[in-house]
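So for the sequence shown, this note's numbering puts the first residue at 9; every next one is plus one. For each residue, glycine too, the CB sits at the ideal point set by N, CA and C. Just so it is clear, the structure is predicted and the values come from calculations on it, not from any experiment.
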Amino acid sequence: MAHPPGLWNTCHTDIGEYHQFPSIHRVFISIPLSGTPRVKCDRMLAKDFMSWKAGELRTFYLTFSRKRKTYRKQHKILAPYDRLLAQLVAEERHGRLQNTHEALRRRGYACRVLDAFVAEFESYTGPAKDFRSKVLTPILQRQLIGASDANLVPLRKAIGSGDDDPTIGQTTDFYLGVDPTDPKHIPAYRFNMVFIPEMRWHLATVLDVIHIGDFDAYNSVGRRQDLLLALIKGNPRYIPRRRLSTFEEDMIKVIEDEQIDIFFRAEIEHVVCAPNPLP
């Protein structure tokens, strides 16, 4: 059965594997990568990782070559697009340093998304405050509910009803019904990012807990993801939602083990200080 619009559809052909993204009408071919993406980002600060104001513009750069020299031009984009760009740039860099299957797979994904974003952005002629990326917005929508691109099961449950595949109407409402750049969604982002290993890994690099290219740290994030997936599977409380929930014990253990608990201090203190229910 074909996936509804907006979901990744992976197919295998004689020339390799491709991922069709109907929501942006673009096909990415898994071919050997050459060079690096043209997107560059300043070092992201922890205070900006999950904090922004309505309409806030952030800086990123696009490189270009002229007379055998490489230059970069500054551009502006709405937050939190800048955080997602920084994550993808970090994953691409990590994939060049760690020659393992998962790191290379994520590097290929990051490169193709960044290349598609560059093509989209360079064709846009309006003001930066009005730019909404057809490439990046669907990814933010998924991050908003804690659904990774690598795991479609919780995403389908979040979009649809029960175990049935989402309808076209439900999928359209999911991807177009909410503006993921609205800062009112920050609490939901903070809670649900715990279920996305790439976001936790990126946060750890921003906090300088681990370094890009660290083989053991990168793999340990993936192993801890198995614990969280066990929570999600068959447990309706862990179906991704847009509303904020309370951190559970296993969630706190994962973020403490990954040393990113300082970022979630407010959420953890809320759990610790919560009054016991009456008997």
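- Contact between the stretch 112-124 and the stretch 165-183 is absent: fewer than three C-beta pairs spanning the two stretches fall below 8 Å.
- Judged by DSSP secondary structure, Phe72 falls within the beta strand (DSSP E) whose first and last residues are Leu65 to Arg74.
- C-alpha of Arg140 to C-alpha of Gly230: approximately 31 Å in a straight line.
- Beyond the five residues adjoining it in sequence on each side, Leu152 comes within less than 8 Å, by CB distance, of Val186, Pro188, His193, Ala196, Tyr197, Asn200 and Arg250 in the same chain, given in chain order.
- Shown here for Arg164: same chain residues with a beta carbon closer than 7 Å to its own, the five before and five after excluded, namely Asp173 and Pro174 in chain order.
- For Tyr117, the uninterrupted alpha helix (DSSP H) run begins and ends at His109 to Glu130, by DSSP.
- Separation of Lys48 and Gly168 (C-alpha to C-alpha, rounded to the nearest whole angstrom) is 36 Å.
- Per the C-alpha coordinates, the member of Gln106, Gly63 and Arg104 positioned closest to Pro88 is Gly63.
- About 6 Å separates the beta carbon of Ile85 from that of Phe68, a gap short enough to meet the 8 Å contact definition.
- The shortest C-alpha to C-alpha distance from Pro45 to any of Leu211, Phe223, Glu99 and Gln233 is the one to Glu99.
- For Gln82, the three-state secondary structure derived from DSSP is strand.
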